[in-house]
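> Next up is a structure, given as structure tokens.
Residue numbers (the numbering used here), protein chains in the order written: chain A, 108 to 303; chain B, 108 to 303.
So, in structure tokens, the structure goes:
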């Protein structure tokens, strides 16, 4: 049934009010935005110094207009050769990757590239604290998974095994990160428990 | 006096031969290229895991042509909020900035931004190994200078003191990094001496 314009308008307003009522939750924020906010909190409280690395871009053409800033007019996204986040906490080197999935029952391993696996192996071998933050968007749950745990599943997949890790397995090998409105992915709490 | 073409040609050849004779030195390579080559050597020998962070770019417009890679058509260089290089060596967090100067007698402190000073202070306070690699291009000498040494000069300049650090002072507070054709800025040798 089609409503006249007025009704449609009111319908939309009602929906938008409903949306506002749940805006205190963390729904809709991307994992990256949540981690950046958390890192900012850690930094301002002087708890840890952890930053996201810039997106790797191959710069091909740059214009230098008079009296204004240089403009990149041709560039391409490059595949990252390392993880996205690193830094220092309690004298320890911290290194992690963040991934989110829309799946409800599994985390597809194709999300992680070979370069990143190699990098995580290097960091673990040299004594860093290395992990992944994996968010299942349908549940808004973010799990802390130690790199070496996930790496073994990745190699299994490479040898012809399952191409994904079941949600239940992630729940099992991982640790649910607490949500706090200022520390939206409070992964230091997990590190404290596991390493200190 | 102008020579006929033939002579000019021979003259150029002589020069070019002379240039070839000294091509075993590290003249002409940028500090960044030298450090990247050194880090690559460390990585392949499994000595340390240290990477340059990508150049921070603010991406404004992206084109998604059919059947080919996304093209960034408008982007701007952003000022780095951290140092350029970091990673892990012997379980320790490593963090450094690289700067080169054409000056023969001094290193201008305007080369280092406040954000970077703050970041270096943070890293030092949290127990990382933090330093600068400063190259005097006229001498092709690269000095390892501990972050806290340089930071004190930077604050002096802020309070109205000298806006640069004399070359002789850098020689005094810093450590000349050894040059090796594969490890062109062998800074781990200095770290071994100072921290282990």
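Backbone N, C-alpha and C define an ideal beta-carbon position, used for all residues, glycine too.
Taking residue 287/B as the reference, which of 177/B, 296/B, 281/B and 246/B has the closest Cα?
If you number the second chain from 1, residue 287/B lands on position 180. Comparing Cα positions, the closest option is 296/B.
> Whether or not the segment 147-156 of chain B and the segment 206-223 of chain B are in contact is what I'm after, with contact meaning three or more pairs of Cβ atoms, one per stretch, closer than 8 Å; do they touch?
Too few Cβ pairs lie closer than 8 Å, so no.
> DSSP on residue 165/A, reduced to helix/strand/coil?
On the first chain, position 58 is the one that residue 165/A refers to. Three-state result, residue 165/A: strand.
> Give a yes or no on whether the minimum CB-CB distance between residue 281/A and chain B is below 8 Å.
Taking the first chain and counting its residues from 1, one reaches residue 281/A at position 174. With 8 Å as the cut-off, residue 281/A does not count as an interface residue toward chain B.
> Spatial neighbours of residue 191/B within its chain, please: CB distance less than 7 Å, with the 5 preceding and 5 following residues excluded, ordered by chain position.
One-based indexing of the second chain puts residue 191/B at position 84. Answer for residue 191/B: 159, 160, 204 and 205, listed in chain order.
> Against chain A, with Cβ distances strictly below 8 Å, would residue 162/B count as a contact?
Taking the second chain and counting its residues from 1, the one referred to as residue 162/B is at position 55. Closer than 8 Å to some Cβ of chain A, the Cβ of residue 162/B qualifies, so yes.
> Could you spell out the range, first to last residue, of the alpha helix (DSSP H) harbouring residue 253/B?
Residue mapping note: residue 253/B aligns to position 146 of the second chain, counting from 1. That residue, residue 253/B, is in no alpha helix (DSSP H); its beta strand (DSSP E) goes 248-253.
> Just to confirm my understanding: we take residue 283/A, look at its own chain, exclude 5 residues before and 5 after, and list those with CB closer than 7 Å. What are they?
Position 176 of the first chain holds residue 283/A. 248 and 250.
> Measuring only the C-alpha atoms, how far is residue 240/B from residue 163/B?
Numbered from 1 along the second chain, position 133 holds the residue referred to as residue 240/B. Numbered from 1 along the second chain, position 56 holds the residue referred to as residue 163/B. Roughly 20 Å separates the two Cα atoms.
> Would you mind listing the alpha helix (DSSP H) stretches within the segment 178-238 of chain B that are 4+ residues and don't spill past its ends, in chain order?
For the segment 178-238 of chain B, whole alpha helix (DSSP H) runs of length 4 or above, ordered along the chain, are 221-232.
> Less than 7 Å separating the Cβ of residue 254/B from some heavy atom of the ligand FMN?
As presented, the structure is devoid of all ligands, the ligand FMN included, so that no description of it is given.
> Would you tell me roughly how many angstroms separate the C-alpha atoms of residue 275/B and residue 188/A, rounded to the nearest one?
As a working note, residue 275/B is residue 168 in the second chain. As a working note, residue 188/A is residue 81 in the first chain. Approximately 39 Å, taken between the alpha carbons.
> Report the residue from 260/A, 244/A, 234/A and 246/A whose alpha carbon sits nearest the alpha carbon of residue 201/A.
Counting from one through the first chain, the residue named residue 201/A turns up at place 94. Measuring from the Cα of residue 201/A, the nearest candidate turns out to be 234/A.
> For residue 132/B, decide whether its Cβ has a neighbour in chain A, counting only Cβ atoms nearer than 8 Å.
As a working note, residue 132/B is residue 25 in the second chain. Confidence in residue 132/B is poor, its pLDDT being 47 and thus under 50, which makes the residue's placement unreliable; the coordinate value appears in the next sentence. Not one chain A Cβ lies under 8 Å of residue 132/B.
> Any C-beta of chain C sitting closer than 8 Å to the C-beta of residue 267/B?
Annotation note: the requested chain C is absent from the structure, which comprises protein chains A and B.
> From residue 147/B to residue 229/A, what distance separates their C-alpha atoms?
On the second chain, position 40 is the one that residue 147/B refers to. On the first chain, position 122 is the one that residue 229/A refers to. Roughly 13 Å between the two C-alpha positions.
> Relative to chain B, which residues along the segment 143-155 of chain A have a C-beta separation below 8 Å, given in chain order?
Of all residues in the segment 143-155 of chain A, 150, 153 and 155 have a Cβ within less than 8 Å of some Cβ in chain B.
> Using a beta-carbon distance below 8 Å, is residue 219/A in contact with chain B?
Numbered from 1 along the first chain, position 112 holds the residue referred to as residue 219/A. Not closer than 8 Å to any Cβ of chain B, the Cβ of residue 219/A fails to qualify, so no.
> Which of the residues in the segment 173-184 of chain A, read from start to end, lie with their CB under 7 Å from any CB of chain B?
The segment 173-184 of chain A vs chain B, Cβ under 7 Å: 176, 177, 178, 179, 180, 181, 182, 183 and 184.
> Please report how far the alpha carbon of residue 258/A lies from the alpha carbon of residue 252/A, in whole angstroms.
The residue given as residue 258/A occupies position 151 in the first chain. The residue given as residue 252/A occupies position 145 in the first chain. Taking the straight line from one Cα to the other gives about 10 Å.
> Going by C-alpha to C-alpha distance, which of 278/A, 289/A, 185/A and 184/A sits closest to residue 256/A?
Counted from its first residue, the first chain places residue 256/A at position 149. With distances taken between Cα atoms, residue 256/A lies closest to 278/A.
> Taking buried to mean at least 16 other C-beta atoms within 10 Å of its own C-beta, is residue 238/B buried or exposed?
What you label residue 238/B is simply residue 131 of the second chain in a count that begins at 1. Counting Cβ neighbours within 10 Å, residue 238/B comes out buried, since at least 16 surround it.
> Looking only at its chain, what residues have a beta carbon closer than 6 Å to the beta carbon of residue 92/B, apart from the 5 residues adjacent to it on each side?
Since the first and last residues shown for chain B are 108 and 303, residue 92/B lies out of range.
> Which residues in the same chain have their Cβ closer than 6 Å to the Cβ of residue 289/A, if we skip the five residues on either side of it in sequence?
Taking the first chain and counting its residues from 1, one reaches residue 289/A at position 182. Contacts found: 148.
> If we require 4 or more residues per run, which alpha helix (DSSP H) segments fall completely within the segment 265-303 of chain B?
As far as the segment 265-303 of chain B is concerned, its whole alpha helix (DSSP H) runs of at least 4 residues are 274-280 and 294-302.
> Would you call residue 301/A buried or exposed, if buried means 16 or more other Cβ atoms sit within 10 Å of its Cβ?
Working through the first chain from its first residue, we reach residue 301/A at position 194. Exposed is the call here.
> Return no unless some Cβ of chain A is closer than 8 Å to the Cβ of residue 249/B.
What you label residue 249/B is simply residue 142 of the second chain in a count that begins at 1. Chain A contact via Cβ: absent.
> Put residue 138/B into one of helix, strand or coil per three-state DSSP.
Within the second chain, the letter at position 31 stands for residue 138/B. Of the three classes helix, strand and coil, the one that applies to residue 138/B here is helix, per DSSP.
> Just confirm the distance between the C-beta atoms of residue 193/B and residue 157/B, as a whole number of angstroms; I'd bet it's less than 8 Å.
Locating residue 193/B in the second chain gives position 86, counting from the first residue. Locating residue 157/B in the second chain gives position 50, counting from the first residue. Right, the Cβ-Cβ distance comes to about 7 Å (below 8 Å), so this counts as a contact.
> Quick one: grab the DSSP three-state call for residue 240/A.
Taking the first residue of the first chain as 1, we reach residue 240/A at position 133. It is a strand residue.
> Considering only the beta carbon of each residue, do residue 264/B and residue 216/B sit closer than 8 Å?
To locate residue 264/B, count along the second chain from 1; it is residue 157. To locate residue 216/B, count along the second chain from 1; it is residue 109. Contact flag set, yes.
> By a C-beta neighbour count over all protein chains shown, 10 Å radius and 16 as the cutoff for buried, is residue 171/B buried or exposed?
If you number the second chain from 1, residue 171/B lands on position 64. Per the 10 Å Cβ criterion, exposed.
> Under 8 Å between C-beta atoms, does residue 195/A make it to chain B?
Reading the first chain from its first residue, position 88 is the one you call residue 195/A. It does: the Cβ of residue 195/A has a partner Cβ on chain B nearer than 8 Å.
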